[in-house]
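Asks: From first to last, the protein sequence lines are chains S, H, F and L.
Numbering of the first sequence is given in the working numbering, commencing with residue 69 and proceeding in unit increments.
Numbering of the second sequence is given in the working numbering, commencing with residue 69 and proceeding in unit increments.
Numbering of the third sequence is given in the working numbering, commencing with residue 69 and proceeding in unit increments.
Numbering of the fourth sequence is given in the working numbering, commencing with residue 69 and proceeding in unit increments.
Before I ask anything, let me first share the structure, which is written out below as structure tokens.
4 protein chains.
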Amino acid sequence: MASTHGIFLATAPDQRGLVARLAGFFYNLGLNIVDASNHTESLAEPGPRFFMRLVVDLEGLEAPPASAGLGGSSSRRSLETAFQGLCDELGAVGSVRYSDVVAKVAILVTKDPSCLYDLVLRQRAGELPCDIPLVVSNHATLESVADGFRIPFFCLPVTAATKEDQEQRVLALLRQHHVDLVVLARYMQILSEGFLKAAPPVINIHHGFLPAFQGAKPYHQAHARGVKLIGATAHYATSDLDQGPILEQDVARVTHEAGPDELVRLGRDIERVVLARAVRAHLQGRVFVSGRRTIVL
Amino acid sequence: MASTHGIFLATAPDQRGLVARLAGFFYNLGLNIVDASNHTESLAEPGPRFFMRLVVDLEGLEAPPASAGLGGSSSRRSLETAFQGLCDELGAVGSVRYSDVVAKVAILVTKDPSCLYDLVLRQRAGELPCDIPLVVSNHATLESVADGFRIPFFCLPVTAATKEDQEQRVLALLRQHHVDLVVLARYMQILSEGFLKAAPPVINIHHGFLPAFQGAKPYHQAHARGVKLIGATAHYATSDLDQGPILEQDVARVTHEAGPDELVRLGRDIERVVLARAVRAHLQGRVFVSGRRTIVL
Amino acid sequence: MASTHGIFLATAPDQRGLVARLAGFFYNLGLNIVDASNHTESLAEPGPRFFMRLVVDLEGLEAPPASAGLGGSSSRRSLETAFQGLCDELGAVGSVRYSDVVAKVAILVTKDPSCLYDLVLRQRAGELPCDIPLVVSNHATLESVADGFRIPFFCLPVTAATKEDQEQRVLALLRQHHVDLVVLARYMQILSEGFLKAAPPVINIHHGFLPAFQGAKPYHQAHARGVKLIGATAHYATSDLDQGPILEQDVARVTHEAGPDELVRLGRDIERVVLARAVRAHLQGRVFVSGRRTIVL
Amino acid sequence: MASTHGIFLATAPDQRGLVARLAGFFYNLGLNIVDASNHTESLAEPGPRFFMRLVVDLEGLEAPPASAGLGGSSSRRSLETAFQGLCDELGAVGSVRYSDVVAKVAILVTKDPSCLYDLVLRQRAGELPCDIPLVVSNHATLESVADGFRIPFFCLPVTAATKEDQEQRVLALLRQHHVDLVVLARYMQILSEGFLKAAPPVINIHHGFLPAFQGAKPYHQAHARGVKLIGATAHYATSDLDQGPILEQDVARVTHEAGPDELVRLGRDIERVVLARAVRAHLQGRVFVSGRRTIVL
Numbered sequence: 069m070a071s072t073h074g075i076f077l078a079t080a081p082d083q084r085g086l087v088a089r090l091a092g093f094f095y096n097l098g099l100n101i102v103d104a105s106n107h108t109e110s111l112a113e114p115g116p117r118f119f120m121r122l123v124v125d126l127e128g129l130e131a132p133p134a135s136a137g138l139g140g141s142s143s144r145r146s147l148e149t150a151f152q153g154l155c156d157e158l159g160a161v162g163s164v165r166y167s168d169v170v171a172k173v174a175i176l177v178t179k180d181p182s183c184l185y186d187l188v189l190r191q192r193a194g195e196l197p198c199d200i201p202l203v204v205s206n207h208a209t210l211e212s213v214a215d216g217f218r219i220p221f222f223c224l225p226v227t228a229a230t231k232e233d234q235e236q237r238v239l240a241l242l243r244q245h246h247v248d249l250v251v252l253a254r255y256m257q258i259l260s261e262g263f264l265k266a267a268p269p270v271i272n273i274h275h276g277f278l279p280a281f282q283g284a285k286p287y288h289q290a291h292a293r294g295v296k297l298i299g300a301t302a303h304y305a306t307s308d309l310d311q312g313p314i315l316e317q318d319v320a321r322v323t324h325e326a327g328p329d330e331l332v333r334l335g336r337d338i339e340r341v342v343l344a345r346a347v348r349a350h351l352q353g354r355v356f357v358s359g360r361r362t363i364v365l
Numbered sequence: 069m070a071s072t073h074g075i076f077l078a079t080a081p082d083q084r085g086l087v088a089r090l091a092g093f094f095y096n097l098g099l100n101i102v103d104a105s106n107h108t109e110s111l112a113e114p115g116p117r118f119f120m121r122l123v124v125d126l127e128g129l130e131a132p133p134a135s136a137g138l139g140g141s142s143s144r145r146s147l148e149t150a151f152q153g154l155c156d157e158l159g160a161v162g163s164v165r166y167s168d169v170v171a172k173v174a175i176l177v178t179k180d181p182s183c184l185y186d187l188v189l190r191q192r193a194g195e196l197p198c199d200i201p202l203v204v205s206n207h208a209t210l211e212s213v214a215d216g217f218r219i220p221f222f223c224l225p226v227t228a229a230t231k232e233d234q235e236q237r238v239l240a241l242l243r244q245h246h247v248d249l250v251v252l253a254r255y256m257q258i259l260s261e262g263f264l265k266a267a268p269p270v271i272n273i274h275h276g277f278l279p280a281f282q283g284a285k286p287y288h289q290a291h292a293r294g295v296k297l298i299g300a301t302a303h304y305a306t307s308d309l310d311q312g313p314i315l316e317q318d319v320a321r322v323t324h325e326a327g328p329d330e331l332v333r334l335g336r337d338i339e340r341v342v343l344a345r346a347v348r349a350h351l352q353g354r355v356f357v358s359g360r361r362t363i364v365l
Numbered sequence: 069m070a071s072t073h074g075i076f077l078a079t080a081p082d083q084r085g086l087v088a089r090l091a092g093f094f095y096n097l098g099l100n101i102v103d104a105s106n107h108t109e110s111l112a113e114p115g116p117r118f119f120m121r122l123v124v125d126l127e128g129l130e131a132p133p134a135s136a137g138l139g140g141s142s143s144r145r146s147l148e149t150a151f152q153g154l155c156d157e158l159g160a161v162g163s164v165r166y167s168d169v170v171a172k173v174a175i176l177v178t179k180d181p182s183c184l185y186d187l188v189l190r191q192r193a194g195e196l197p198c199d200i201p202l203v204v205s206n207h208a209t210l211e212s213v214a215d216g217f218r219i220p221f222f223c224l225p226v227t228a229a230t231k232e233d234q235e236q237r238v239l240a241l242l243r244q245h246h247v248d249l250v251v252l253a254r255y256m257q258i259l260s261e262g263f264l265k266a267a268p269p270v271i272n273i274h275h276g277f278l279p280a281f282q283g284a285k286p287y288h289q290a291h292a293r294g295v296k297l298i299g300a301t302a303h304y305a306t307s308d309l310d311q312g313p314i315l316e317q318d319v320a321r322v323t324h325e326a327g328p329d330e331l332v333r334l335g336r337d338i339e340r341v342v343l344a345r346a347v348r349a350h351l352q353g354r355v356f357v358s359g360r361r362t363i364v365l
Numbered sequence: 069m070a071s072t073h074g075i076f077l078a079t080a081p082d083q084r085g086l087v088a089r090l091a092g093f094f095y096n097l098g099l100n101i102v103d104a105s106n107h108t109e110s111l112a113e114p115g116p117r118f119f120m121r122l123v124v125d126l127e128g129l130e131a132p133p134a135s136a137g138l139g140g141s142s143s144r145r146s147l148e149t150a151f152q153g154l155c156d157e158l159g160a161v162g163s164v165r166y167s168d169v170v171a172k173v174a175i176l177v178t179k180d181p182s183c184l185y186d187l188v189l190r191q192r193a194g195e196l197p198c199d200i201p202l203v204v205s206n207h208a209t210l211e212s213v214a215d216g217f218r219i220p221f222f223c224l225p226v227t228a229a230t231k232e233d234q235e236q237r238v239l240a241l242l243r244q245h246h247v248d249l250v251v252l253a254r255y256m257q258i259l260s261e262g263f264l265k266a267a268p269p270v271i272n273i274h275h276g277f278l279p280a281f282q283g284a285k286p287y288h289q290a291h292a293r294g295v296k297l298i299g300a301t302a303h304y305a306t307s308d309l310d311q312g313p314i315l316e317q318d319v320a321r322v323t324h325e326a327g328p329d330e331l332v333r334l335g336r337d338i339e340r341v342v343l344a345r346a347v348r349a350h351l352q353g354r355v356f357v358s359g360r361r362t363i364v365l
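This is the structure we're talking about:
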């Protein structure tokens, strides 16, 4: 069986010795680095910034399984404390996750089943390292899909008048299920700034090639503009609509023959692949946010 | 040797029998249709509109070569008159060009040699059916490139104060060389509405994936926005900057590793291919404009 | 509601007047051509060959719905007879299908659910104009998937000893359900020449970029060879394994980082899209076979 | 001005601490690591193998410019000696190159100017960090192209009878010009095993999507097989024709409309981009060869 890994992320103002000191930290502890990658963002504000991801084999660490106690074993805690100490020295922001602590993902949908099926099937196929403890929707349409996969489905309709209340109920569900990531799989509601502040990270799929065609009906906009490629964009949702850091994009070639409906059809294939790639990268702990940009290591 | 072809374009409000009547016209004249394609633009304004392109072998037509007389022979004229009669019946707009009448293309450049080399080399390789009687620039930088290919080079510097005058001089050159198409191969000036009205069709290459990143420094805009694909767009220049009908687009995948300079470098490869495809489609008589969209048959 | 369409295909040795005569046939009957496309295959054997697809609005035809009688109404029969007469004159092979006669598709699978889900979901979303009356498998693994969509599932295990018998039983099922098209959605058995002769057309998805990596374990072959792109190929199954006419292909970029398992994962996304496009083109009556090539109009 | 960099490559059997020890080596010397990347090839023979590339700022090194003495300064030599010592400890194969020691590239051509122009223009634009001291051809066709760029051109015709002798003369030219890399830019001759052993690394562009369509006339093979994508492959030339490690590949979508000549035309655009990317990666010291695979860091 594959051994347990720790995924250590660190980001700091660029300075001499970062690769050596971060890699050396694990080497000196007798731990094997399975994968290491890094990037320096030269144009970051206020100055060049360094990002590193280290995947470390924890076999050398005496560790009871994660299930034994909240937050992992005492030796994991020692490791985390030591890593935090190094980060403090480097002026770095660090974080840790473990391959045996599976993230919990809530999927929010409205009526379109395409992305929902896709995410669940990938999770079942082992492509997305996560649990999906619930699906939330403002319509009942997709209840049978969730049922078919034995995933609890919560229908919370929303109107302009009930929006604040509905969002509070969604937030309560997220807390109750210890959700680590929210995926908007064609959830056709704009989330309030308050919701986004209170919620775990939220990944949205926009069915347009951002920053072109922001807002509503992007395929109709694309048809009217006569573009020769259509696209989709997965991004972190922020309070600025369709302005959050982009995780992944892709496009498909189209010709004058494709009307808006055909663009919608072709777009569905791009949307679900783009969304799945973005969710996978996030779940694998590959993504840093730097201003409006993402670094995907 | 390949025989001479006539390329007949027609567009009309959609109606029964258009394919049959247009194809039948040539069949009844004993002429062979080498290639026929058509499209109905359902969402055109004010109603569905039909577009057809027919390539006809003129072997059956008793015709002296085009060089014998301006505008072709009397039998070409008869054919054109008859075709115009059919178009009138159908409420169609028609046009004709001949494979032995080679279009004359003026290339406008500033300092970047990439697209200029590309267009000239493709023309020499037989990919672009045209002559290139002149290169015009507002800088002397690329004179040696034009010289190397024995293409007359005209340097017409421009300032805000001299812009109107300079444009008049460019127009005079275009007229003098009987230019049918102007290609802006990284010509870093905005052409005035007056120029565009007086000039033959103008194809521009925008180094961004329109409609995203209109205006200046699109690669820097793209970097700041953190997109995962960059692109280029060839479009007909209109008085609305970067808003003309799109002929062709393409993209390349980029990661966080690429800074603005790397985006510029990667973009150059897309720009020149996109521009060349657009120019080729135009020269082959494949392009109709319908509102803000192009139909490329 | 959309009116009923007839899709008329014709292929003939290239000759003067084919577009005009085929289009004129419908025009003279007062029928509107909704879509017309054609292609001349210059290098076909024994000589250039013409292919045309005409989509005709049948509104003008006095026709009871297809359900009224097997094979359609008498006026459809008259139309078909007349069309056949024209084909005879032209030395053409013709065929007709109607938009209200829905094709029946059998899906053959083994254990991998990815393509099965994809095809069924697309059919449900209206992307694939067909019924799916049955799923056949040599394993029971995917029975619950078929059940979830209320599609009858037939499990017919096969061994070297029972292969001939099993194929006969599959053929019997295909006949019994009036199947028009068989889709091998990762069916991990090689079908015998006898089966392929007796069965309706069979579309297979090969998880390699044919003609590279024919045969077994193409992703492992691709990894060993160190290719930088992997692909998938949908083709008509013929008695020459992996040699049938190609309907559709696509690729994805990979790097040295992807091991064989990762190639399998990435490949799944290509496979299902490529297979779906191929099935859709076939069902829309867009595909001609010309030797080892397909013409997709 | 950009400071001078050393590019250090190391590959070793996988073992604990490689990242830490390699990065730590430079850190302990007070040198700044500008870029570090690594990969473990799990399936390498005889066991997992580690590859690392480190780009190090040499500002901290007291160094006279490379031009001062063959092979660089004494302090570079000390650094190299120390690096070699570390490699010995790790059982690693190491190598070093410097950003101020510009590689010399010989381009071999026959008659097709496309890749030659492309490489030279990229070199002039600063995309390819190299000098091009000579172009060698077995035909005189492209002499004027080389002349136009003031690059010495050597025409060495070859026949079956003179092949061995001609190759010796090419090798003499390569030695005489201190060539570090040979690029076959559509050189239509098969190089002998003897030549390849004696020559510096050789990169070839194959106008097919290897391993499909090896050997002659790949576009004609592709047309006959009816593929829906065509491609090109850049690989290191080895004595097994078209079997060398692949550096880069790309494809373009084609339809049934494209005959062999059109495939050739479309292929040219892929070939030159693929070749340029491969040459650039090699010149930037990003490429390791591992069996039949390349690792491009």
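The C-beta atom is built at its ideal place from N, Cα and C for all residues, glycine as well.
DSSP has Met120 (chain F) in a bridge; who is on the other side?
Replies: DSSP lists F:Ala78 and F:Asn106 as partners of Met120 (chain F).
Asks: Return the first residue and the last residue of the beta strand (DSSP E) that Ala305 (chain L) is part of.
Replies: Ala305 (chain L) -> no beta strand (DSSP E), and no H or E assigned at all.
Asks: In chain order, what residues of the same chain lie with their CB nearer than 7 angstroms to the CB of Pro313 (chain L), ignoring the 5 residues before and after it?
Replies: Within the same chain, Pro313 (chain L) has close Cβ partners His303, Tyr304, Val357, Arg360, Arg361 and Thr362.
Asks: Whole angstroms are fine: how far does the CA of Val164 (chain S) sit from the CA of Gly98 (chain S)?
Replies: Cα-Cα distance, rounded: 18 angstroms.
Asks: Whose Cβ in chain F lies nearer than 7 angstroms to the Cβ of Tyr255 (chain S)?
Replies: The premise fails here: Tyr255 (chain S) is roughly 18 angstroms from chain F at the closest Cβ pair, so nothing lies under 7 angstroms.
Asks: Taking the runs of the alpha helix (DSSP H) that are 4 residues or longer, which of them lie wholly in the stretch 209-245 of chain S?
Replies: Fully enclosed alpha helix (DSSP H) runs of 4 or longer: 211-216 and 231-244.
Asks: With three or more beta-carbon pairs closer than 8 angstroms as the criterion, would you say the stretch 281-292 of chain S touches the stretch 252-259 of chain S?
Replies: Because the criterion of three Cβ pairs below 8 angstroms is not met, the stretch 281-292 of chain S and the stretch 252-259 of chain S do not touch.
Asks: Distance cutoff 7 angstroms, beta carbons only. Does Leu365 (chain S) sit that close to anything in chain F?
Replies: So no, Leu365 (chain S) is outside the interface.
Asks: Distance check for Arg144 (chain F) and Leu138 (chain F), CA to CA, integer angstroms please.
Replies: Annotation note: pLDDT 44 at Leu138 (chain F) (below 50); position unreliable, coordinate value reported separately. If you take the alpha carbons of Leu138 (chain F) and Arg144 (chain F), they lie about 11 angstroms apart.
Asks: If distances are taken between C-alpha atoms only, which option among F:Arg84, F:His107 and F:Met120 comes closest to Ile101 (chain F)?
Replies: Looking at the Cα atoms, F:Met120 is the closest of the given residues.
Asks: Taking DSSP as the reference, what is the three-state secondary structure of Ile258 (chain H)?
Replies: Reduced to three states, the DSSP call for Ile258 (chain H) is coil.
Asks: Say whether chain L places a C-beta atom closer than 7 angstroms to the C-beta of Asn100 (chain S).
Replies: True, the Cβ-Cβ gap to chain L drops below 7 angstroms.
Asks: Is there a Cβ from chain H that is less than 7 angstroms from the Cβ of Met69 (chain F)?
Replies: For Met69 (chain F), the predicted model reports a pLDDT of 45, less than 50, meaning its position is unreliable; a value from the coordinates is still stated below. No, Met69 (chain F) does not count as interfacial toward chain H.
Asks: Count the C-beta pairs between the stretch 314-334 of chain F and the stretch 145-163 of chain F that are closer than 8 angstroms, then say yes if the count reaches three, no if not.
Replies: Not touching, per the Cβ criterion.
Asks: How close, in whole Å, do the beta carbons of Pro268 (chain F) and Val250 (chain F) come, if the pair is a contact with beta carbons under 8 angstroms?
Replies: About 6 angstroms; that satisfies the 8 angstroms criterion.
Asks: If you pair each beta-carbon of the stretch 77-89 of chain H with each one of the stretch 77-95 of chain F, do three or more pairs fall below 8 angstroms?
Replies: Yes, the stretch 77-89 of chain H touches the stretch 77-95 of chain F.
Asks: Residues of chain S with CB under 7 angstroms from Gly85 (chain L), in chain order?
Replies: Per Cβ cutoff of 7 angstroms: Tyr95.
Asks: Starting from Gly92 (chain S), find everything on chain L with Cβ-Cβ shorter than 7 angstroms and list it in chain order.
Replies: Here the neighbours are Ala88 and Gly92.
Asks: Assuming Leu297 (chain S) and Val319 (chain S) are in contact, meaning their beta carbons sit under 8 angstroms apart, how far apart are those beta carbons, in whole angstroms?
Replies: Rounded, the Cβ-Cβ distance is 4 angstroms, consistent with contact.
Asks: Counting only the same chain and skipping the five closest in sequence on each side, list residues whose C-beta sits under 7 angstroms from that of Pro181 (chain L).
Replies: Cβ neighbours of Pro181 (chain L) beyond the five flanking positions: Leu210 and Val213.
Asks: Would Ala326 (chain L) count as contacting chain S if we go by Cβ distances under 7 angstroms?
Replies: No, no contact with chain S.
Asks: Could you say which of H:Thr301, H:Gly262 and H:Val322 lies nearest to Leu343 (chain H) if we only look at CA atoms?
Replies: Among H:Thr301, H:Gly262 and H:Val322, the Cα nearest to that of Leu343 (chain H) belongs to H:Thr301.
Asks: Could you compute how far the alpha carbon of Ala229 (chain S) sits from the alpha carbon of Asp337 (chain F)?
Replies: If I take the Cα positions, the gap works out to 41 angstroms.
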